[in-house]
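Numbering (this note's numbering), first residue to last: 304 to 730. Glycine included, C-beta positions come from ideal geometry on N, C-alpha and C.
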Amino acid sequence: MQSDISLARVKQFPRLMWILLFGSFITRGSYYMVWPFLAVILYERFGLSATHVGMILSSAALLSVLVSFIGSALSDKIGRQKMMYGAGVLYIISFSLLAEADTVAGFALVITLCSIATSLWRPLVSALIGDIIHESETRELAMQSLYFIVNVGCAVGPIAGVWLGLTGEQSSFYITTVAFAILLLLLWWGFANHEFTAASHQVQNGGEGNVVDSGSDDKTASGMRYTLRVLAKDRLLQSLILANVICMFIFGQMDGSLVQYLSRAEVPKVLELISSMIFANAMIIITCQFLLLKLMAHWSLVKRIQVALVLLVVSQLWMGLNPVTFFWGWIGAVIVMSLAEAVLFPTMNVHIDRIAPRHLRGAYFGASSFYEFGFALAPLGGGIVLDLLNGSWLFLGCAVLTLLVMFLYSKLENLSRPDFATERAGD
């Protein structure tokens with residue numbers, strides 16, 4: 304019966320949602336053919352230290368987080384469509400330039416542009432899903448489906464890259480630009496043929512009118528001063544952001560620091576190991592995400608997350624103690640970490656969707672992009688630890704940080720939130 308209900312909800316997805324799913328698959332697949340190997344490219348081509356590589360990646364990510372928040376908040380004001388088209392064009396330009404960069408300065412500049420484009424795009428897609436799907440359970444399934452299909456792309460991308468001989472090849476970024484150009488064309492067609500409600504049409508195309516909050520009959524303004532005042536008073540959101548920044552710092556070690564650790568330790572067939580870990584990560588999420596979420600369907604969001612965090616602690620301890628040349632040990636640790644990710648990541652988006660008032664959905668998803676500070680700081684923090692200590696200390700430290708995240712989540716339900724109707728009176 305439950306599967307029949309889920310299938311019925313999938314059939315409720317509008318055409319625009321299917322475009323987002325297909326587009327996410329082709330863009331993420333091409334992206335993961337080469338992006339995870341950037342640290343290897345920078346090390347092998349320029350002989351940069353782990354700290355230097357981390358500084359390049361972290362600086363780009365830090366700037367992109369700030370731009371992402373501003374852009375997402377503006378999308379509530381000037382329209383989701385305009386922001387998505389702009390981010391898409393930036394995506395195409397920056398990834399084309401990345402395929403041709405040949406100096407350290409050139410890589411640093413273009414990686415920053417790529418990071419800005421990526422960070423702008425993700426919260427806009429999440430906010431758009433909220434705009435086009437109004438039934439809460441169907442919307443949650445849509446967000447989980449988006450995360451699922453992204454990981455299908457992550458699984459297919461590295462393997463396709465190996466088959467095509469493109470793994471670690473800089474020119475592979477041209478494939479990403481073509482994929483994104485296709486997605487923009489499909490989005491243009493999808494937007495033109497989608498029937499938006501009056502409120503949703505407003506946030507798609509911009510405008511000053513009032514939008515009814517999903518949890519209130521009061522009409523509210525969505526000016527930037529009001530937005531910032533609400534975010535500044537929402538203690539639950541702030542604690543959630545802090546907890547997830549730390550979470551992202553931990554997960555971010557796999558994309559940068561772990562790759563550097565393995566490549567500098569001269570592990571045999573390191574590119575094959577990295578590709579295998581990415582594939583294992585994606586396949587576990589693909590095969591287990593909906594099963595795990597179904598088993599936990601009657602649990603609160605915080606309880607689901609706490610279970611995921613226990614798995615994350617185990618994975619970090621495993622990585623910290625695993626012999627560097629033990630191939631299957633790394634795969635096993637990644638599998639445990641992936642089980643945690645399969646529950647944690649889609650639940651994060653659902654959590655934001657539940658606490659965000661409709662008229663500030665873009666701003667709240669934009670604020671959630673501050674999670675990316677964790678990813679931003681991961682290469683730099685991890686690089687410093689690798690240069691000063693070693694990989695074991697890094698992952699054991701991440702296990703301790705996970706315990707801190709568990710503590711923060713245990714306090715969420717007791718934190719204060721603003722009165723949205725009262726706050727709008729100050730504008």
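If we ignore side chains and look at the alpha-carbon of each, how far apart do residue i and residue j end up?
{"i": "Pro317", "j": "Ile436", "result": "8 Å"}
{"i": "Met580", "j": "Arg532", "result": "43 Å"}
{"i": "Lys714", "j": "Cys550", "result": "16 Å"}
{"i": "Leu427", "j": "Ser378", "result": "8 Å"}
{"i": "Met446", "j": "Leu642", "result": "18 Å"}
{"i": "Val311", "j": "Asn693", "result": "Here residue 311 turns out to be Ala, not Val, going by the sequence shown. In a straight line, the C-alpha of Ala311 is about 51 Å away from that of Asn693."}
{"i": "Ile322", "j": "Lys597", "result": "25 Å"}
{"i": "Phe328", "j": "Asn717", "result": "39 Å"}
{"i": "Val368", "j": "Met557", "result": "19 Å"}
Hey, is residue i close to the ligand FAD, as in C-beta under 8 Å from one of its heavy atoms?
{"i": "Ser671", "result": "Annotation note on the ligand FAD: not contained in the displayed structure, which lists no ligands."}
Relative to the alpha-carbon of residue i, which residue among the options has its alpha-carbon at the smallest distance?
{"i": "Met386", "options": "Ala670, Gly456 and Gly374", "result": "Gly374"}
{"i": "Ile452", "options": "Ala645, Leu699, Ser695 and Leu540", "result": "Ala645"}
{"i": "Val708", "options": "Gly326, Cys591, Ile638 and Ser542", "result": "Ser542"}
{"i": "Tyr334", "options": "Leu412, Thr479, Ala583 and Ile634", "result": "Thr479"}
{"i": "Ala411", "options": "Met446, Gly460, His355 and Ala458", "result": "His355"}
{"i": "Ile634", "options": "Ala495, Ala585 and Ser429", "result": "Ala585"}
{"i": "Ala636", "options": "Arg348, Leu614, Ala311 and Ala353", "result": "Leu614"}
{"i": "Ile638", "options": "Ile589, Leu691 and Val703", "result": "Ile589"}
{"i": "Cys701", "options": "Lys536, Leu620 and Ala583", "result": "Leu620"}
{"i": "Pro660", "options": "Ala408, Ser439 and Gly677", "result": "Ser439"}
{"i": "Val481", "options": "Gly326, Pro649 and Leu699", "result": "Gly326"}
{"i": "Thr421", "options": "Leu689, Phe372 and Leu345", "result": "Phe372"}
{"i": "Arg567", "options": "Gly433, Ile344 and Leu416", "result": "Ile344"}
Does the beta-carbon of residue i have 16 or more other beta-carbons within 10 angstroms, so that it is buried, or is it exposed?
{"i": "Asp405", "result": "exposed"}
{"i": "Ile696", "result": "The question names Ile, yet the displayed sequence has Trp at residue 696. Per the 10 Å Cβ criterion, exposed."}
{"i": "Gly350", "result": "exposed"}
{"i": "Asn454", "result": "buried"}
{"i": "Trp424", "result": "buried"}
{"i": "Asn625", "result": "buried"}
{"i": "Arg657", "result": "exposed"}
{"i": "Glu675", "result": "buried"}
{"i": "Ala628", "result": "The residue asked about is misnamed: residue 628 is Thr in this sequence, not Ala. Exposed is the call here."}
{"i": "Arg348", "result": "exposed"}
{"i": "Phe710", "result": "exposed"}
{"i": "Leu594", "result": "exposed"}
Taking 9 Å as the threshold (beta carbon to beta carbon), is residue i in contact with chain C?
{"i": "Thr421", "result": "Any reference to chain C falls outside this structure, which holds one protein chain only."}
Taking C-beta to C-beta, are residue i and residue j nearer than 9 Å?
{"i": "Tyr267", "j": "Trp491", "result": "Because the chain in this structure spans residues 304 to 730, residue 267 falls outside the shown range and cannot be described."}
{"i": "Ala363", "j": "Gly555", "result": "no"}
{"i": "Met651", "j": "Met640", "result": "no"}
{"i": "Tyr450", "j": "Gln609", "result": "no"}
{"i": "Tyr712", "j": "Ala546", "result": "yes"}
{"i": "Glu443", "j": "Val653", "result": "yes"}
{"i": "Leu539", "j": "Tyr667", "result": "no"}
{"i": "Ala611", "j": "Leu576", "result": "no"}
{"i": "Gly409", "j": "Thr330", "result": "no"}
{"i": "Gly684", "j": "Gly357", "result": "yes"}
Whole runs of the beta strand (DSSP E) within the segment 615–639, excluding any shorter than 3 residues = For the segment 615–639, not a single whole beta strand (DSSP E) run of length 3 or above is found.
At which residue ranges does the segment 572–601 contain complete alpha helix (DSSP H) runs of 4 or more residues, listed in the order of the chain?
-> Fully enclosed alpha helix (DSSP H) runs of 4 or longer: 573–598.
Mind listing, in chain order, the continuous alpha helix (DSSP H) runs of no fewer than 4 residues lying wholly within the segment 640–705?
-> You should have 664–671 and 675–691.
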